[in-house]
Structures are given as structure tokens and as C-alpha cells.
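Taken in order, the sequence shown gives residues 43 to 269; the numbers are from my numbering. Yeah, the Cβ is synthetic: ideal placement off N, Cα and C, and Gly gets one too.
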Amino acid sequence: MAGTAWLHWLRDDAQIPLMRLLAALPDAERRECESLASPARQRGFALSRCMLRNLLHHHRQCAPGDIRFSRAENGRLQLAKNFSATGLQISLSHTDGMTAVICADAPCGVDIETVRERRALAIARRYFTASEIAWLEAQPATSRTDGFLRLWTLKEAGIKALGRGIAGNLDRLEVVFTEGVPEGRGDLAGLSLWQTAGPDYWLAAVVADSRTTFVATELALSDLFPS
Ligand SMILES: CC(C)(COP(=O)(O)OP(=O)(O)OC[C@H]1O[C@@H](n2cnc3c(N)ncnc32)[C@H](O)[C@@H]1OP(=O)(O)O)[C@@H](O)C(=O)NCCC(=O)NCCS
């Protein structure tokens with residue numbers, strides 16, 4: 043049976059003070075969050091947890107106050123024991139004021155990246171597969187940053203779904219585009235890939251289940267914290 047993956051993302055417009063985000067977290071999570079060095083990192087951490095609770099509440103009927111997270115040995119955030127027994131899987135990503143979360147019934151990964159100048163071809167030539175490099179080289183120079191981010195977000199979401207780290211794994215997962223639709227090859231073969239873009243970001247999700255339907259919603263901060 044095809045499963046559904048639920049995905050939420052938002053832009054942090056900073057309308058909600060960090061103190062209010064922190065106050066929404068259980069004690070242990072708040073302490074972990076406060077130990078992070080930068081306020082931006084703290085906002086991403088707190089928001090991602092608030093978004094996951096909201097997502098699991100709305101789509102999986104979990105009571106937000108009961109939800110606890112733990113961390114796998116490889117750093118992956120997961121649901122604590124009582125919830126993980128349901129088979130529910132989660133992933134999150136935060137960068138430059140954007141945050142994305144996903145939940146599914148199979149291992150999943152999400153990645154969001156904002157568009158800024160990168161040494162796209164140089165990085166791709168070092169870490170991507172030969173066919174990905176050829177695809178990127180064939181893009182007009184003005185589209186290379188976007189092309190790079192299309193590949194990067196899908197590959198990073200795939201790495202998270204597979205529970206790996208970036209080191210030594212980027213060229214084991216391959217993405218090909220057929221009429222613009224991404225498909226996984228190599229270790230990504232048979233997984234479900236999904237992608238969208240905003241004015242200044244790329245967002246991708248991967249679920250380790252070949253027939254996943256993605257239901258994706260962009261939220262506003264005020265959806266989570268109504269005044
Ligand atoms: C996972 C990874 C790809 C994320 O990269 P990123 O671009 O820095 O960050 P993102 O915001 O997109 O994602 C971060 C989130 O991914 C999750 N995450 C971390 N490690 C993960 C892993 N191995 N698999 C899946 N998810 C992971 C965490 O929830 C983290 O957020 P949190 O710290 O707030 O809980 C990268 O950190 C990585 O390669 N980590 C693994 C390092 C490793 O292999 N260590 C082994 C020890 S030698």
C-alpha cells in the first residue's frame with residue numbers, strides 16, 4: 043500500500059521572539075537548545091521541534107505535549123520509544139531562517155537550502171557522480187547554482203533517509219532528471235523523491251518507500267504561534 047509523507051516548511055520572519063520559541067519546548071529540549079552557540083541555530087532547533095509536534099498532531103493525531111525525541115548514534119533525530127513503536131519516522135532541516143520537517147511511515151529525509159553563490163561545478167566535480175556532473179555542466183551558466191541545489195538537496199535528503207552521513211556517500215546516490223522529474227539511481231534506486239523551489243530556496247524530500255505520496259504545505263510562523 044502506498045504511504046503518505048507529510049511535509050511542512052516555513053520561513054522564519056522572526057516575528058516570534060526566541061524566548062517564546064524556547065518556552066514551547068519541554069525542559070530537556072530547551073536546555074539542549076540553549077546550549078547551542080548562535081541565536082540563529084537556537085531558532086532553527088526550537089522551530090523544527092515545534093513544527094514536528096504540530097505536524098504529528100495534525101496528521102498523525104499525536105498529543106503534542108506527549109511527544110519526546112531522542113537521537114540515534116549517527117545524529118539522526120527520532121521519536122522517543124513510545125512513538126517509535128508506531129513505526130513513524132521523522133526528519134528535519136534548517137538553514138538561513140528556513141526550516142523544514144517531514145514525517146512518514148518509512149525512513150525519510152528532508153533538506154532545505156537557500157540560494158546563494160557556491161562553487162557549484164567545483165563541488166560537484168569533487169563529490170557528485172559522472173552523470174550528475176555532466177548534467178550540471180550542460181546547464182546554462184546562469185542556472186548552475188539552481189541545478190547544483192536541485193541535486194544537492196535531493197542527495198542530502200537521500201542521505202538522511204538512508205541514515206548516513208555526507209562523508210563518503212554523496213557519489214553512491216545518483217539523481218537523474220527525466221523531463222524535470224527527479225529519479226533515484228545507485229543507493230537511491232527505488233526510493234520516492236520529491237522537490238519544490240521557492241523564490242530563494244530549494245527543498246527536497248526522500249522516503250525509503252517506492253510508492254509514497256507527498257503532501258507538502260508551506261506554513262507561516264503565525265500558523266504555529268497565533269497571536
Ligand atoms: C546529517 C547531515 C547530512 C545534515 O546536514 P546539515 O546540512 O548540516 O543540516 P540540516 O539542517 O539539513 O540537518 C540537520 C538535522 O539532520 C539530522 N541529522 C543529523 N545527523 C543525521 C544522520 N546521520 N541521518 C539523518 N539525519 C541526521 C538532525 O536532526 C539535524 O538537526 P538537529 O541537530 O537540530 O537535530 C550532516 O550533518 C552529516 O553528514 N552528518 C553525519 C555526520 C556523520 O556521519 N558523523 C558520523 C560520526 S564520524
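Here's the rule I'm using: 16 or more other beta-carbon atoms within 10 Å means buried, otherwise exposed. How should residue i be labelled?
| i | result |
| --- | --- |
| Val-248 | buried |
| Ala-142 | buried |
| Met-61 | exposed |
| Pro-149 | buried |
| Glu-155 | buried |
| Gly-189 | buried |
| Arg-91 | buried |
| Ile-208 | exposed |
| Thr-254 | buried |
| Ala-65 | exposed |
| Ala-183 | exposed |
| Ala-44 | exposed |
| Thr-259 | exposed |
Looking only at its own chain, which residues have a Cβ that is under 7 Å from the Cβ of residue i, when we skip the five neighbours before and after it?
| i | result |
| --- | --- |
| Asp-213 | Tyr-169, Phe-170 and Thr-171 |
| Ala-199 | Gly-151, Val-152, Asp-153, Ala-246, Ala-247 and Val-248 |
| Ala-122 | Arg-110, Phe-111 and Ser-112 |
| Gly-139 | Arg-53 and Asp-54 |
| Lys-197 | Leu-212, Leu-215 and Val-217 |
With DSSP collapsed to three states, give me the class of residue i.
| i | result |
| --- | --- |
| Thr-128 | coil |
| Pro-224 | strand |
| Phe-87 | helix |
| Leu-215 | strand |
| Leu-52 | strand |
| Ala-176 | helix |
| Ala-82 | helix |
| Thr-171 | coil |
| Ala-166 | helix |
| Ala-183 | helix |
| Ala-65 | helix |
| Ala-105 | coil |
| Ala-47 | strand |
| Ile-208 | coil |
For residue i, which residues in the same chain have their Cβ closer than 6 Å to its Cβ, ignoring the five residues on either side in sequence?
| i | result |
| --- | --- |
| Glu-216 | Thr-171, Arg-227 and Gly-228 |
| Asp-242 | Thr-156 and Val-157 |
| Glu-225 | Val-218 |
| Leu-266 | Cys-92 and Asn-96 |
| Asp-147 | Gly-45 and Gly-129 |
| Ala-39 | Nothing can be reported for residue 39, as the shown portion of the chain is limited to 43 through 269. |
Between which residues of its own chain and residue i is the CB-CB distance below 8 Å, once the five residues before and five after are set aside?
| i | result |
| --- | --- |
| Leu-78 | Gln-84 and Phe-87 |
| Gly-205 | Ala-114, Asn-116, Arg-118 and Pro-149 |
Just checking my contact of residue i with residue j at CB under 8 Å: how many whole Å lie between their CB atoms?
| i | j | result |
| --- | --- | --- |
| Leu-245 | Thr-238 | 5 Å |
| Leu-191 | Val-157 | 6 Å |
| Ala-166 | Glu-174 | 7 Å |
| Pro-106 | Arg-118 | The pair is not a contact, with the Cβ atoms about 21 Å apart (cut-off 8 Å). |
| Leu-178 | Arg-186 | 6 Å |
Taking 7 Å as the threshold (beta carbon to beta carbon), is residue i in contact with chain C?
| i | result |
| --- | --- |
| Ala-82 | Among the chains of the structure shown, chain C does not appear; only one protein chain is present. |
For a minimum of 4 consecutive residues, which ranges assigned as the alpha helix (DSSP H) are wholly contained in the region 112 to 159? 123 to 126
Within the region 223 to 264, ranges of the beta strand (DSSP E) (whole runs, at least 3 residues): 223 to 228, 234 to 240, 243 to 249 and 255 to 261
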